[in-house]
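Just so you know, the protein sequences line up as chains A, B, C and D, in that order.
Start counting the first sequence at 1; every next residue gets the next number (my numbering).
Start counting the second sequence at 1001; every next residue gets the next number (my numbering).
Start counting the third sequence at 2001; every next residue gets the next number (my numbering).
Start counting the fourth sequence at 3001; every next residue gets the next number (my numbering).
These notes concern the structure reproduced below.
There are 4 protein chains.
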Amino acid sequence: MSSKLIKFPVDRAIDIIPMGRIGVDLNANEINRPMEETETFTKYVGGSPANIAIGMARLGKKVGFIGRVADDQFGRFVVNYFDNETIDTTNITIDKDGAKMGLAFTEIKSPTESSILMYREGVADLKINPVDVSEEYIKSSKSLLISGTALSQSPSREACFVAMEYAVKHGTVVIFDIDYRPYSWNSMEEVAVYYSMAAKMSDIIIGSREEFDLMEALVDPKNTSDQVTADRWFECKAKVVVIKHGKEGSIAYTNDGEAYKVSPFPVKLLKSFGGGDAYASAFLYGLMEGWDIDRSLEFGSASAAMLVASHSCSDAMPGSKAVQEFIDKAKAEHGDMVKKL
Amino acid sequence: MSSKLIKFPVDRAIDIIPMGRIGVDLNANEINRPMEETETFTKYVGGSPANIAIGMARLGKKVGFIGRVADDQFGRFVVNYFDNETIDTTNITIDKDGAKMGLAFTEIKSPTESSILMYREGVADLKINPVDVSEEYIKSSKSLLISGTALSQSPSREACFVAMEYAVKHGTVVIFDIDYRPYSWNSMEEVAVYYSMAAKMSDIIIGSREEFDLMEALVDPKNTSDQVTADRWFECKAKVVVIKHGKEGSIAYTNDGEAYKVSPFPVKLLKSFGGGDAYASAFLYGLMEGWDIDRSLEFGSASAAMLVASHSCSDAMPGSKAVQEFIDKAKAEHGDMVKKL
Amino acid sequence: MSSKLIKFPVDRAIDIIPMGRIGVDLNANEINRPMEETETFTKYVGGSPANIAIGMARLGKKVGFIGRVADDQFGRFVVNYFDNETIDTTNITIDKDGAKMGLAFTEIKSPTESSILMYREGVADLKINPVDVSEEYIKSSKSLLISGTALSQSPSREACFVAMEYAVKHGTVVIFDIDYRPYSWNSMEEVAVYYSMAAKMSDIIIGSREEFDLMEALVDPKNTSDQVTADRWFECKAKVVVIKHGKEGSIAYTNDGEAYKVSPFPVKLLKSFGGGDAYASAFLYGLMEGWDIDRSLEFGSASAAMLVASHSCSDAMPGSKAVQEFIDKAKAEHGDMVKKL
Amino acid sequence: MSSKLIKFPVDRAIDIIPMGRIGVDLNANEINRPMEETETFTKYVGGSPANIAIGMARLGKKVGFIGRVADDQFGRFVVNYFDNETIDTTNITIDKDGAKMGLAFTEIKSPTESSILMYREGVADLKINPVDVSEEYIKSSKSLLISGTALSQSPSREACFVAMEYAVKHGTVVIFDIDYRPYSWNSMEEVAVYYSMAAKMSDIIIGSREEFDLMEALVDPKNTSDQVTADRWFECKAKVVVIKHGKEGSIAYTNDGEAYKVSPFPVKLLKSFGGGDAYASAFLYGLMEGWDIDRSLEFGSASAAMLVASHSCSDAMPGSKAVQEFIDKAKAEHGDMVKKL
């Protein structure tokens, strides 16, 4: 099957507008020890949709962003960083009520064990206001990517739904990256309610098996079948549903009844996080290039493998040539990672 | 046309479960003066879905309720009142965190001029929690009525959406009474977003022209056509859409393309509020009895006329015999109030 | 001894400025039943310092007020009421952020059993702002009365301390009426801390034994001696300390080492609340008239007796002639109520 | 004159208990540039009373602490650090409601220009609860140091006043380090009210001219005289008042009418902050050693000079031998810094 199932509108100035979390990552430089004993941290742009924006810009796409940043040094840092990456920052608003940038201090205890200390109280990115969402901006883009954490609190939640309403109205493809983070939500019922609402309005849905379970907790709490899950959303508006299974790899279902599985590329891990955003940006890049699902999946999986071997989740995003070289080399060594189910 | 378009499930223990606002009305006894000069107030049960519950119980229906009340004298007052009306109160939870009953002090300056002084800060009815919503309870009812004000704040908002998800899952008819009250909402974008979400899941939608305008402010802000509005929701799940035009009367659209208009019965007004809930309960009563739309509309309009001539919005709800007698007398005097468009 | 110990400044335009709570009382008309079964309520001005203001105005004093009211019918009601009583309302500010008047629904189950259902969430009277406190106003008054509930929350708490600082600076006599109401405070430690701070700055302190216990919970938690309590505050700034013992009557200690006890006048109770504010206003009236402590106490006790036999806590405040007539009649019947200890 | 004016109680297990702010400083490693361009940060313990605790421990005093920390890696980091410095941490409580450690990101644009980006929203140190304050602990210490920022919000504010009440009750010397930080306060009236209350209960008061101006804004807003200021607090309980004038040096007033001025030691600045806490700890060390005021001032000033030449505000606190060597060398080069006024 071909990703032609997804018809991206043509003649639009922007390829993709990620919307939601943007913050500052402070990654421990002294690794393989608990954060209590860390001495220094390196500063990076962070936040899942921000990482995806950087990833797609590095791959050559025209990228916008809808978000809100602090009126301070860290707010200016991330906007400057985006500007340098040629990401359009005209729709990033500056919070004038003292909200701060979210912080994520990451400790790397071992290649497989890490934790994140979050500063997310009253953060700027959850203050995006519905009135800050420009209908014209969304109309000028081929796609809109909603990152699930942006649905966790008002007014960011309503801003996302407004953006999705505009996208549906103007034929902008809606991508929903579930990105569940427990710290922002008030109850599991809220999670189920708002994830379902977003999924009903989306063309492409990407999440882990656990994230889809959260989403269908009310309507089908006992389901464990990926196919049943995918079919549920195909009955609404979705055309591609990607369900991730950690080290087992991930499966892309399409609404023509097909499914492709990709296994992770073998790689020496530095850390156990950051791969997902690379995966999403490279996979979506493939779809926007008009590639088949299997090639897009391979591209996503390769980019993810490159990221987990790097110190940052944003600054290390690869260009398309580097990803292709990684794929060529890895396939020569390990064989094909994608198969049709 | 026949209201048979709406298929209420059979063999269910409860006819209707209104959900949302329940409070205490304190109506000025000294009327035709401003509230500054009022000396005494009479206490009634209040809140739109509570009034509808009482209205339908008086008409002989088996009525439940999903709501939350204060753990104080006023909370016990409303539950006692419901018990006396044979309304099932098993799914009314008692707030243990000190929330109070909402209050509505009403002044009647003249038969056409009145105002309401609301006490709605941190009220119990907006604290209904998603975990308080019983799937079994909703499954045991023929219909669920969501009152729009319950969507204005969390966690009541999510509780409503959970209830609607369960209703859709089990074929319980969803009725959405928009009931817009400006004091509870944070922004007009929120109103549009959540009203639209509720409308998409509803079988019957009832509101004023102004309320429908609020609902479609994002997707079709310039529309003034009732038919366009009705058709929008027929494309989702709705089968009956009622749009009210104040003194001009109201129109019921059905998804088989027909429309009926009812004009208000001439009546000597005591006050300018309270008619809507009587209208909704008597109209829905007609539909549940299997009556045609026109007869149901006439019944609703008659009950509304009786209410605006009374001091309370709840205690004065009429039984079906009284409504029929009112209709017979009024039609003899004024002629037919309903016509097919 | 003579109340000359308290030197009220002369040549000032205002006799007393009470500061703090002002609200609306809604008293059940159907008494001797629980509020669940009450049908109607009568509306009065309420709140301890508001009652004292009315009491002193009725006794002929020039009364001001520092407070904050809602921008609604109830806010206008209390200001109109004060204006009619010739209380100066120029320093009552109107809240523009939607705060409401506090409400007190009173039920009278029996002459000795009653309860109050309070609406105090986000009330206007606790929003008095320090910047609303006029140094000139306090300088123009002989005395300032701080009602303890006004210390329970910010910014009212700080406004009171600012007012007391100005009073101390300009020789305005500071009266502290402890008036403890549990619903507004966050912790008993707060109560002890802020009551002590206010008491240190006060010339006259009035409270029940239980209220003084709360005040000295940190510094002398085991003390039960009224004399020890009085002496503690005489070491600071106090000259008169009144400690109430419910039906046992109350004792006034003066910093020249004397003490007078007054027993309650026998009276047929209608309700068990409202006497305290009448007591305070008539007692303070006596002191301002230059009367001896014993006569002032008698006057206070008589006014209290008259109030508990009435339906309201404000509207029933007596004039000085009525109080004197009550005293003359009661003493003829029951003998003297005051004795020197 | 001799600092014998301050009588520290003898036979107590602890020399000093600082109370209040404790957080994490993240100091830019790449200096002389704005924080937008900073790449890495080094982590230190921070917060004025925490710095003073470390300073006094390094000088050989037995130090306790009353504070509250987060239940996370940063909370454990600061407690571990204190333990290593032999500071008693038994009265540091761990917040179980998710409060985070305050963060201070410092940028050093030039030796004289720097700024701090604070994360102080809902921080653990302002959640110290009055019930966490142990009367026994304060009774077991010679002195209690209250840092002014701890007065900026509830419940920390009340906890401090409770601690001061206990200290006064048991003869523990109260030291008030004004330490004004604008970000935590709601209004300048609050600042004036609570600073005055703390000052009235204190034996030693340390602050800048600007901080004393804030404190007397209500009672004497036009005063510019240090002597008038010092005399005001001598009339309450104070025995030593230190007023700082930035680069002009600082003056210590004593309640026997004397005053000593100390000028800053010439030193090559690395940064423009951090000197105050070193000054306070070394000055108080001198007083506790029974030194004269002039020698204590010199010691404080020398320690301050050493700190502003270092990268951290805590980790660089010197021992007494190092301070003395610095003084000997500096005086040989620059002459005496202290003079009697």
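Quick reminder that beta carbons are idealized off the backbone N, C-alpha and C, glycines included.
For the putative contact between E2248 (chain C) and K2340 (chain C), defined by C-beta atoms under 8 Å, what is the C-beta separation to the nearest angstrom? About 17 Å; that fails the 8 Å criterion.
- Interface residues of the stretch 3114-3134 of chain D facing chain C [CB-CB below 9 Å]: If you check each beta-carbon in the stretch 3114-3134 of chain D against every beta-carbon of chain C, the ones closer than 9 Å belong to N3129, P3130, V3131, V3133.
Who are the neighbours of R76 (chain A) on chain D, taking C-beta pairs under 8 Å? By Cβ distance, chain D contributes E3036.
Nearest by alpha-carbon distance to G1319 (chain B): which of B:P1009, B:K1271, B:K1061, B:P1034 is it? Nearest option by C-alpha distance: B:K1061.
- Item | Residues from the stretch 213-245 of chain A in contact with chain B, defined by Cβ distance under 7 Å | If the cut-off is 7 Å between Cβ atoms, the stretch 213-245 of chain A has L218, V219 near chain B.
| request: For S1312 (chain B), write down the residues that DSSP places opposite it in a beta bridge. | output: Beta-bridge pairing links S1312 (chain B) to no other residue.
> From the beta carbon of T3042 (chain D), is the nearest beta carbon of chain A less than 8 Å away?
Replying inline: Closer than 8 Å to the CB of T3042 (chain D) there is at least one CB belonging to chain A.
Identify the continuous beta strand (DSSP E) that holds A104 (chain A) and give its terminal residues. A104 (chain A) -> beta strand (DSSP E) spans 102-110.
Exercise. Is it true that the stretch 3103-3120 of chain D meets the stretch 3130-3142 of chain D, where meeting means three or more beta-carbon pairs spaced less than 8 Å apart?
Worked result: With the cut-off at 8 Å, the stretch 3103-3120 of chain D and the stretch 3130-3142 of chain D do not touch.
- Query: Exposed or buried, D3256 (chain D), counting other C-beta atoms within 10 Å across all chains shown (16 or more means buried)?
  - Reply: It counts as exposed.
* How about Q2073 (chain C): is its C-beta nearer than 8 Å to some C-beta of chain B? -> Yes - at least one Cβ of chain B is within 8 Å of the one on Q2073 (chain C).
Quick check for students: name the residue ranges of the alpha helix (DSSP H) that lie wholly in the stretch 2171-2226 of chain C, counting only runs of 4 or more.
If one requires a minimum length of 4 residues, the alpha helix (DSSP H) runs lying completely within the stretch 2171-2226 of chain C are 2188-2200, 2209-2215, in chain order.
* Please confirm whether G2368 (chain C) and I2146 (chain C) have their CB atoms less than 8 Å apart. => Nothing can be reported for residue 2368 (chain C): it is not among the residues displayed for chain C, which extend from 2001 to 2341.
Within 10 Å of its beta-carbon, does V131 (chain A) have 16 or more other beta-carbons around it, so buried, or fewer, so exposed?
Exposed, by the Cβ-count rule.
- Message: Which residues of the stretch 2185-2216 of chain C have a Cβ closer than 9 Å to any Cβ of chain D? Give them in chain order.
- Response: Among the residues of the stretch 2185-2216 of chain C, those with a Cβ less than 9 Å away from any Cβ of chain D are N2186, S2187, M2188, E2189, E2190, A2192, V2193, Y2194, S2196, M2197, K2200, in the order of the chain.
* Drop a sphere of 10 angstroms on the beta-carbon of V3162 (chain D), count the other beta-carbons inside from all chains shown, and report buried for 16 or more, exposed for fewer. => Buried.
Tell me where the alpha helix (DSSP H) around V323 (chain A) begins and ends.
-> Run containing V323 (chain A): 320-334, per the alpha helix (DSSP H) assignment.
Pick from B:F1008, B:V1338, B:G1122, B:A1167 that is closest to W1185 (chain B), judged by C-alpha positions
Comparing C-alpha distances from W1185 (chain B) to each of B:F1008, B:V1338, B:G1122, B:A1167 shows the shortest one belongs to B:G1122.
query = If you count every other CB in all the chains shown that lies within 10 Å of the CB of N1032 (chain B), and 16 or more means buried, which is it?
reply = Taking a 10 Å sphere around the C-beta of N1032 (chain B), we find fewer than 16 other C-beta atoms and assign the residue as exposed.
Quiz item: What residue does the alpha helix (DSSP H) around P2049 (chain C) start on, and which one ends it?
Solution: Unbroken alpha helix (DSSP H) run through P2049 (chain C): 2048-2058.
Three-state secondary structure (DSSP) of V3228 (chain D)
Reduced to three states, the DSSP call for V3228 (chain D) is helix.
Alpha carbon to alpha carbon, how far is D88 (chain A) from R209 (chain A)? Give it in angstroms, no decimals. Taking the straight line from one Cα to the other gives about 33 Å.
task = Would you mind reading off the limits of the alpha helix (DSSP H) that contains S1143 (chain B)?
result = For S1143 (chain B), there is no enclosing alpha helix (DSSP H); the residue is part of the beta strand (DSSP E) that begins and ends at 1143-1147.
- Supposed close pair M317 (chain A), G102 (chain A) - CB separation, criterion 8 Å: Actually they do not touch by this definition, with Cβ atoms about 19 Å apart.
> alpha helix (DSSP H) containing V2262 (chain C): first to last residue?
Replying inline: Following the DSSP letters along the chain, one finds V2262 (chain C) in no alpha helix (DSSP H) but inside the beta strand (DSSP E) bounded by residues 2259-2262.
### Task
State the CB to CB distance for the pair V241 (chain A) and I205 (chain A), rounded to an integer number of angstroms; the pair is presumed to be in contact (CB under 8 Å).
Taking 8 Å as the upper bound for CB-CB distance, V241 (chain A) and I205 (chain A) are in contact here, some 5 Å apart.
Subject >> The beta strand (DSSP E) enclosing M1118 (chain B), as first and last residue numbers >> reply: Taken as a continuous stretch (DSSP letters only), the beta strand (DSSP E) holding M1118 (chain B) covers 1113-1119.
- prompt: Taking Cβ to Cβ, would you say H3311 (chain D) is nearer than 8 Å to L3270 (chain D)?
  reply: Yes, these two residues count as a Cβ contact at 8 Å.
Residues in the stretch 2015-2028 of chain C having any Cβ partner in chain D nearer than 9 Å | Those would be none; no residue qualifies.
Determine the direct distance from the alpha carbon of P155 (chain A) to that of P18 (chain A), and round the result to whole angstroms. Spanning the two alpha carbons is a distance of roughly 17 Å.
Do S1263 (chain B) and M1337 (chain B) have their beta-carbon atoms positioned less than 8 Å apart in this structure?
M1337 (chain B) is a Cβ neighbour of S1263 (chain B), given a cutoff of 8 Å.
Open item on the list: Helix, strand or coil, according to DSSP, for A2252 (chain C) in the structure here?
Closed with: Shown here, A2252 (chain C) sits in a strand according to DSSP, grouped into three states.
Practice prompt. Just grab the DSSP bridge partners of N3027 (chain D) for me.
Written response: In DSSP, N3027 (chain D) forms a bridge with D:T3042, D:T3106.
Taking buried to mean at least 16 other C-beta atoms within 10 Å of its own C-beta, is V3010 (chain D) buried or exposed? When all chains shown are included, V3010 (chain D) counts as exposed.
Query - Closest by C-alpha distance to G1098 (chain B), when choosing among B:Q1073, B:A1013, B:I1108, B:L1297 - result: Checked all of B:Q1073, B:A1013, B:I1108, B:L1297; the closest Cα to G1098 (chain B) is B:Q1073.
Through-space distance from T1224 (chain B) to S2 (chain A), alpha-carbon basis
For S2 (chain A), the predicted model reports a pLDDT of 43, less than 50, meaning its position is unreliable and no value from the coordinates is stated.
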